[in-house]
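A.B. asks: Residue numbers (numbering that gives the first Met the number 0), protein chains in the order written: chain A, 0 to 197; chain B, 0 to 197.
Number of protein chains: 2
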Amino acid sequence: MNHEQIIKNISRWMALSEAEIDFFTSRLTYRKIRRRQYLLQAGDVCRHYTFVNEGCLRLFHMGVNGVEHILQFAPEDYWVADIGSFYEEVPTSLHIEALEPSEVWQISKPDLTATFVTHPGFDRVFRVMMERAFIKLQKRVLLDISATAEEKYLAFVENYPQLVNRMPQTQIASFIGITPEFLSKIRKNLSRRKGLPS
Amino acid sequence: MNHEQIIKNISRWMALSEAEIDFFTSRLTYRKIRRRQYLLQAGDVCRHYTFVNEGCLRLFHMGVNGVEHILQFAPEDYWVADIGSFYEEVPTSLHIEALEPSEVWQISKPDLTATFVTHPGFDRVFRVMMERAFIKLQKRVLLDISATAEEKYLAFVENYPQLVNRMPQTQIASFIGITPEFLSKIRKNLSRRKGLPS
DNA sequence: AAAATTTCTTAACCTAGTTCATTCTGAAAA
DNA sequence: TTTTCAGAATGAACTAGGTTAAGAAATTTT
């Protein structure tokens, strides 16, 4: 429960003074979360920005038919929130759930706003964080509209190597936008082509 | 060639003082662009943030086979840039091209940086702009991984009503991620189902 | 206003990916 | 050690969407 990881994370984007770090960390809350526990459910307002210190969360949408689509995996060192719901304080249509027992830091909107007001440097930190997230998402859109399922899977393997052998295949399929059955086929093909040494 | 539109655009996110507006506008450059003219080509570094005052641009990717995929339409009142290339000053893999004769405001990275440094309020403006863009893009990802081609088209009609009867169908198809032939089918189906009054 | 080019439509055929049903596997309970 | 249960694999039948090609319509250019 120390701040090391989260400070390292935000310092990536901008040098921060002691005072800034102290102010920010004093506003954080630490939470342990059980597997399957929800941090956000459709209909709620997203009240916190969440930083994952350990474990893995997912941000997902659930269709009328009960079909789930994963918008974001959030393993260690990732931020997750429904940004629209958080800033506008409107009900979300998404869910955030722990896929593993996890530990997170959270900051509420009032506390984050206070941080922005008293230490404007954080506007820049969060601007740059948004830019990175945007660029990543844009690459994903390009894949989604242009690539085959196999290409999308290979891109996933490249982008989230730490998750490939950690998440059930059904979750990965739900992130890529294909059925688990088809992902199974793809994987078989790939391993057949590569040839598994005895 | 006055600043009305662009000032209105950025003021949406935050109240700006006279001084801030003056500083910012003094850094802007106005350009008229012919149809088909490129503002950015793969291999170049994206040197400007571009605001569209009139006309319409597109940000797109061109695959090896020559197939184009549109990441963003930028009609009046939109901003467009390859954000990654712009901030990192690395070569882009994207193109920005005018789909119509257009008129734009541009700001270079040095000028935008100067703006951030002397008037930190602009960090907030651009953070909020990024957030909006991110939210929109996240909705698009959800559609891309979950919806049928018809649903994607109907969402496009809802999101860009001003473009539906203004852009060639082939561009719309390239944004949605389907072939123009199939979009033709979808449109026929829709108009048949709706029944066109004599 | 003719020529040239781009865009749209249609239709026959093709395939990547889905659906559904069944079996298999392995880890956790008990 | 057996039972349970979620996840993974397999395969057959199906369908959304792609491909190709050719002609018709619309726009741009001259």
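Even glycine gets a Cβ: it sits at the ideal position worked out from N, Cα and C. Please read these numbers as outputs of a predicted model, since none were measured by experiment.
1. On the premise that A/Q161 lies in contact with A/P100, defined as a C-beta separation below 8 Å, what is that separation, rounded to the nearest angstrom?
2. Cβ closer than 7 Å: which chain B residues qualify as neighbours of A/I134?
3. Under 7 Å between beta-carbons, which chain A residues line up against B/M129? List them in chain order, please.
4. Confirm, please, whether the CB-CB distance from A/R191 to A/D110 is below 8 Å.
5. Expressed to the nearest angstrom, what Euclidean distance is found between the alpha-carbon atoms of B/T178 and B/K187?
6. Quick one: list the residues of chain A neighbouring B/R57, beta-carbon separation under 9 Å, in chain order.
7. Could you give the distance in angstroms between the alpha-carbon of A/G54 and the alpha-carbon of A/E102?
8. Assess contact between the segment 10-24 of chain B and the segment 53-70 of chain B, defined as three or more Cβ pairs (one per stretch) separated by less than 8 Å. Is contact present?
9. Could you have a look at B/S16 and say whether DSSP puts it in helix, strand or coil?
10. A/L39 CB to nearest chain B CB: under 8 Å?
11. Could you check whether the Cβ of B/P90 sits closer than 8 Å to any Cβ belonging to chain A?
12. What is the residue span of the beta strand (DSSP E) that B/S101 lies within?
13. For A/R139, return the contacting residues in chain B, with the cut-off set at a CB-CB distance below 7 Å.
14. For chain B, is any of its Cβ atoms less than 8 Å away from the one on A/R46?
15. Which two residues bound the contiguous alpha helix (DSSP H) that contains A/I199?
16. Could you tell me if B/Q40 is buried or exposed, where buried requires 16 or more neighbouring beta carbons within 10 angstroms of its beta carbon?
17. Strictly by DSSP, which residues pair up with B/A172?
18. Check the Cβ of B/Y86 against every Cβ in chain A and list those closer than 7 Å, keeping chain order.
19. Going by alpha carbons, who is nearest to A/Y48 out of A/L70, A/F85 and A/R34?
20. Do A/A97 and A/Q170 have their beta-carbon atoms positioned less than 8 Å apart in this structure?
21. Report the start-end ranges of each alpha helix (DSSP H) in the segment 109-153 of chain A that is 4 residues or longer and not cut off at the edges.
22. What's the call for A/G83, buried or exposed, on a 16-neighbour Cβ count within 10 Å?
23. To the nearest angstrom, how far is the alpha carbon of A/S197 from that of A/N164?
24. Helix or strand or just coil, what does DSSP make of B/V156?
25. Report all residues from its chain with a CB closer than 8 Å to the CB of B/I175; omit the five preceding and five following residues, and keep chain order.
26. Look at B/T91 and B/F22 and say whether their C-beta atoms are less than 8 Å apart.
27. So for A/Y29, helix, strand or coil by DSSP?
28. What does a CB cutoff of less than 7 Å around A/F115 pick up in its chain, not counting 5 residues either side in sequence?
C.D. replies: Taking the geometry as given:
1. Rounded, the Cβ-Cβ distance is 17 Å, inconsistent with contact.
2. I82 and G83
3. Near B/M129 (Cβ distances below 7 Å), the residues of chain A are R126, M129, E130 and F133.
4. no
5. When rounded, the distance between both Cα atoms is 14 Å.
6. Identification of chain A residues near B/R57 by a Cβ-Cβ cut-off of 9 Å yields none; the smallest Cβ-Cβ distance measures about 13 Å.
7. 6 Å
8. no
9. coil
10. no
11. no
12. S101 to S107
13. V140
14. Using beta-carbon distances, A/R46 does not count as an interface residue toward chain B, since no partner is under 8 Å.
15. Outside the shown range of chain A (0 to 197) lies residue 199 of chain A, about which nothing can therefore be said.
16. exposed
17. Paired residues: none, contrary to the question.
18. E130
19. A/F85
20. no
21. 120-145
22. buried
23. In this prediction, A/S197 has a pLDDT of 32, which is less than 50 and means its spatial position is unreliable; what the coordinates show is noted afterwards. The alpha-carbon atoms of A/S197 and A/N164 are separated by roughly 20 Å.
24. helix
25. A148, K151, Y152, F155 and L182
26. no
27. Of the three classes helix, strand and coil, the one that applies to A/Y29 here is strand, per DSSP.
28. F121 and D122
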